[in-house]
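Data first, discussion second: the structure below is written as structure tokens.
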Amino acid sequence: MAHSRFALLMTAVTAITAIWLTSCGGGGSSPPATAQRKAMGILVPLYAYPQVTSGSGASQVAQASPAWTAVASGAALVPTIAIINPASGPVACTNPASATLLDFQRGIAQLHASGVTVLGYVHTSYGQRPQSAVLQDVQTYAQCYGLDGIFFDEISASASYASYDASIANAARGGIRAPSGAPALVVFNPGTYPEPQVAQSADITVMHESADLNVPAAPAALAAYPAGRWAYLAFGISQPVQGALSKLFADGTGDVYITDQGAGGTDPWTQIATDYVGLVQAIQALNRTAAP
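This is the structure in structure tokens:
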């Protein structure tokens, strides 16, 4: 096994974090942090298929995807939200269930057994997709997937779509019944800082999604929005990330995901980070610095 680039500087993580925690005052460039923050979590787009096969013919064997297994294992160390995406949305509920649906149901059960919060992917085309189509996806997930909530992608950052956003968020909360009994979790992904009216309809908002660790300054309009409801996604990242993680942690950011996948324009979400275990360990180390 290759040596983790996260683990190489694990000791430095604690020191860097201490510096940030004592020196960062937030100001106009950082989200508002609280004196005692909740544990930072991982928000991982888990778009890999839940099973892999080996062999051929009568000797073909199916087993759980290594990506899904890694995410399940990591949830014992760091709070984990996984986003599943069967086909740019759900595959249809059928009776009897299709092979694809059965594979996802088994995979979701594996994640739930490990304490992972599982969301279904629904795209909105920045408010241009008909609400009826969006709500049909939500209904399909609710009917036969047993999820904990919905990840709404391609959310418009403009307040002019706030009513649209509120409607789909309310539909998710009204339709999804989490197996745990907890309220449905709604995540919005505008991929950039939205106007406050957009963010207020979600439980978590992805404030930054790009191939860049240099997060731009947050607008003053979001100063009152709780940092624990902010998430950041970065892809195609090959350089060390301890400094960026420590900065986000010190700012009180709720959930992050940084991956080396996606270099050269490839889809960054069909495989998890090469060193996913190292990412989990780095976040776990940061969380320990805030433990009472």
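Following my numbering, the numbering of the sequence shown begins with 1 at its first residue and continues without gaps. A virtual CB, placed ideally from N, CA and C, is assigned to each residue, including glycine. Being a predicted model, the structure only gives us computed values, none of them experimental.
Item: Quick one: using the 10 Å Cβ neighbour count with 16 as the cut-off for buried, is N214 buried or exposed?; Value: exposed
Item: Report the three-state DSSP secondary structure of F235 (helix, strand or coil).; Value: coil
Item: In terms of DSSP beta bridges, what is G41 paired with?; Value: D255
Item: DSSP three-state label for A62, please.; Value: strand
Item: Which residues does DSSP list as the beta-bridge partners of L147?; Value: DSSP lists no partner for L147.
Item: Please state whether DSSP places I16 in a helix, a strand or coil.; Value: Caution applies to I16, whose pLDDT of 37 falls short of 50 and renders its modelled position unreliable; the value that the coordinates give is listed next. In this structure, I16 counts as helix in the three-state DSSP scheme.
Item: What separation, rounded to the nearest whole angstrom, lies between the Cα atoms of S73 and L43?; Value: 15 angstroms
Item: Using C-beta distances below 8 angstroms, list every residue in its chain close to A221, excluding the 5 sequence neighbours before and after it, in chain order.; Value: E195, P196
Item: Mind checking whether A172 and A184 have CB atoms under 7 angstroms apart?; Value: yes
Item: Does DSSP classify W269 as helix, strand or coil?; Value: coil
Item: For the candidate residues S65, G127, V78, whose alpha-carbon lies nearest to that of I108?; Value: S65
Item: Beta-carbon separation of D137 and P90 under 7 angstroms?; Value: yes
Item: Would you report the Cα separation of A199 and R177, rounded to the nearest angstrom?; Value: 22 angstroms
Item: Are the CB atoms of D148 and V118 within a distance shorter than 7 angstroms?; Value: yes
Item: Using the DSSP secondary-structure output, state which residues sit across from F104 in a beta bridge.; Value: Answer is none; F104 lacks a bridge partner.
Item: Taking buried to mean at least 16 other C-beta atoms within 10 Å of its own C-beta, is R229 buried or exposed?; Value: buried
Item: For the alpha helix (DSSP H) that contains V198, what are its first and last residues?; Value: 196-199
Item: A62 to A217, Cα distance in whole Å?; Value: 46 angstroms
Item: Counting along the chain, where does the beta strand (DSSP E) carrying L119 start and finish?; Value: 117-123
Item: If you follow the alpha helix (DSSP H) that L185 is part of, which residue opens it and which one closes it?; Value: First-last for L185: 185-189, but that is the beta strand (DSSP E), not the alpha helix (DSSP H).
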